[in-house]
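No gaps in the numbering here: position 335 of the sequence shown is 335 in this note's numbering, and each next residue is one more. Shown next, in structure tokens, is the structure this report addresses.
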Amino acid sequence: MGSEKIVMVGTKAVRQRCMQQLLTDLKALELMLERDLFERDIQRIGAEQELCFVDQSWRPAPVITEVLPELPDPHFTTEYARFNMEINLDPMLFSGDCLSQLEGKLRYYLGEAEAVARKHNAHVLLVGILPTLRRSDVELENMTPLPRYRLITEIMTKMRGSPFEFRIEGTDQLITKDANVLFEGSNTSFQVHYQVDPDDFVPAYNWAQAVTAPLMASATNSPMLVGKRLWRETRIALFQQSVDTRNTAELIRERCPRVSFGTGWVQQSILDIYRSQLARHRLLLGPSTTEDALKVLEGGGIPKLYALNIFNGTIYKWNRACYGITDGKPHLRIENRVLPAGPTIVDEVA
1 MGSEKIVMVG TKAVRQRCMQ QLLTDLKALE LMLERDLFER DIQRIGAEQE
51 LCFVDQSWRP APVITEVLPE LPDPHFTTEY ARFNMEINLD PMLFSGDCLS
101 QLEGKLRYYL GEAEAVARKH NAHVLLVGIL PTLRRSDVEL ENMTPLPRYR
151 LITEIMTKMR GSPFEFRIEG TDQLITKDAN VLFEGSNTSF QVHYQVDPDD
201 FVPAYNWAQA VTAPLMASAT NSPMLVGKRL WRETRIALFQ QSVDTRNTAE
251 LIRERCPRVS FGTGWVQQSI LDIYRSQLAR HRLLLGPSTT EDALKVLEGG
301 GIPKLYALNI FNGTIYKWNR ACYGITDGKP HLRIENRVLP AGPTIVDEVA
């Protein structure tokens with residue numbers, strides 16, 4: 001959902017247009033699966049590395065607007081908070097020495113980021129939640145000044161209708177309220193992507209779900225938040241609560257949160273996931289473009305499925321099912337979002 005080509009679903013007319021585009025995208029995806037248009041017999045992996053900038057005292061350093069212009073490389077991009085950054089690695093074939101290549105690329109890009117950060121009296125750090133983070137660090141002044149972040153904040157706040165509530169219990173207890181969603185910027189992760197054949201998607205996704213809990217248990221790296229000793233992996237609770245658009249009354253009615261692990265095993269195809277999400281969640285954002293995916297498909301092209309991808313980007317599954325295009329060929333992939341950043345590159349690749 002990194003595209004700037006988005007609009008807020010605020011009026012009835014915009015909602016109807018975006019919903020129609022989303023339904024058209026789902027139908028186009030169904031036809032593409034039936035016609036076997038997806039790339040096959042190729043497995044790829046990819047990764048997104050999120051990181052923190054810290055100053056000489058290991059406190060958050062909000063330097064992204066100074067650092068990013070000095071990194072003229074599309075692999076580097078912004079994150080929600082000014083003291084975070086993201087590195088998007090290119091997909092690579094899942095074979096041979098691909099994991100060694102992954103480690104090498106991470107070292108190279110992190111080295112580039114560190115070199116520029118030092119010019120601004122900052123350093124790069126890999127950690128799920130920065131232990132030195134204070135309550136004052138998650139104010140709006142530390143939000144990255146881009147339109148899409150302001151738009152997301154506006155939408156989340158409007159939908160909730162009251163301050164965001166945080167209640168996390170561990171060794172200590174955190175109970176607080178906040179009028180903005182910048183607490184989400186406290187989280188940094190190492191996200192792993194895995195491209196699979198359409199026929200293999202269901203078992204691959206279900207296996208990803210099955211191994212996620214022990215995987216996370218072996219890789220925790222976020223034990224503290226604003227000085228409180230909470231969960232071994234506090235990111236899980238923090239992320240769910242920091243983008244939760246439900247108020248207390250809706251929690252009682254058990255409306256589904258936008259951050260979740262899932263509701264059951266996938267049975268038929270990736271469409272199961274998308275249809276379930278559409279049935280459970282309201283539209284927040286939509287595309288500003290008006291692609292007709294069915295017309296593109298019938299004309300021999302491959303549709304971008306803008307509406308579907310934007311909607312999917314506002315549902316934060318820990319294992320996210322994704323549609324993409326590589327070299328003109330559509331593919332399906334699973335994005336595992338549960339791993340925290342760090343503590344070292346070797347740990348992440350392992």
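Where is the CB? At the ideal position from N, CA and C, for every residue including glycine.
**Prompt:** Applying the criterion that 16 or more other CB atoms from any shown protein chain within 10 Å of the CB defines a buried residue, is D327 buried or exposed?
**Reply:** exposed
**Asked** First and last residue of the alpha helix (DSSP H) that includes E169?
**Response** From DSSP, E169 is part of no alpha helix (DSSP H) but of the beta strand (DSSP E) over 164 to 169.
**Burial state of K304, where buried means 16 or more other Cβ atoms lie within 10 Å** = buried
**Message:** Tell me the DSSP secondary structure of P257 in three-state form.
**Reply:** coil
**Request:** Can you tell me which of T289, N319, H281, C18 puts its alpha carbon nearest to the alpha carbon of M159?
**Result:** H281
**Request:** Report the option in A307, D347, L174, F38 whose CA atom is closest to the CA atom of D200.
**Result:** F38
**Request:** Quick one: residues in its chain with C-beta nearer than 8 Å to the C-beta of K177, no 5 flanking neighbours on either side, listed in chain order?
**Result:** P163, F164, E165, F166
**Prompt:** Under a three-way DSSP split, which group does T289 fall into?
**Reply:** coil
**Identity of the residue in C98, Y306, L339 nearest Y323 by Cα** = Y306
**Asked** In chain order, what residues of the same chain lie with their CB nearer than 7 Å to the CB of L146, ignoring the 5 residues before and after it?
**Response** T78
**Asked** Smallest Cα separation from I315: which of V349, E298, Y274?
**Response** Y274
**Asked** Does the region 40 to 52 come within contact of the region 212 to 232, defined as at least 3 CB pairs closer than 8 Å?
**Response** no
**Asked** Would a C-beta distance cut-off of 9 Å place L102 and M92 closer than the cut-off?
**Response** yes
**Prompt:** What is the rounded straight-line gap between the Cα of L251 and the Cα of A115?
**Reply:** Reliability of the predicted coordinates at L251 is poor, the pLDDT of 48 falling under 50, and no value is obtained from them.
**Message:** Pop quiz: I302 and A321 are said to be a contact at Cβ under 8 Å. What is the actual Cβ separation, rounded to whole angstroms?
**Reply:** Rounded, the Cβ-Cβ distance is 18 Å, inconsistent with contact.
**Asked** For R17, which option in M85, R118, L285 has the closest C-alpha, if you only look at C-alpha atoms?
**Response** L285
**Prompt:** With 16 as the cutoff for other CB atoms within 10 Å, does E184 come out buried or exposed?
**Reply:** buried
**Item:** Sheet register partners of H193 (DSSP bridge)
**Value:** G46, E335
**Prompt:** Thinking C-alpha only, which one of E30, M8, N309, F311 is nearest R150?
**Reply:** M8
**Option in N206, W207, G227, R232 with minimal Cα separation from A217** = R232
**Asked** For A81, which residues from the same chain have a beta carbon less than 7 Å from its beta carbon, with the 5 sequence-adjacent residues on both sides left out?
**Response** N142, M143, T144, L182, G185
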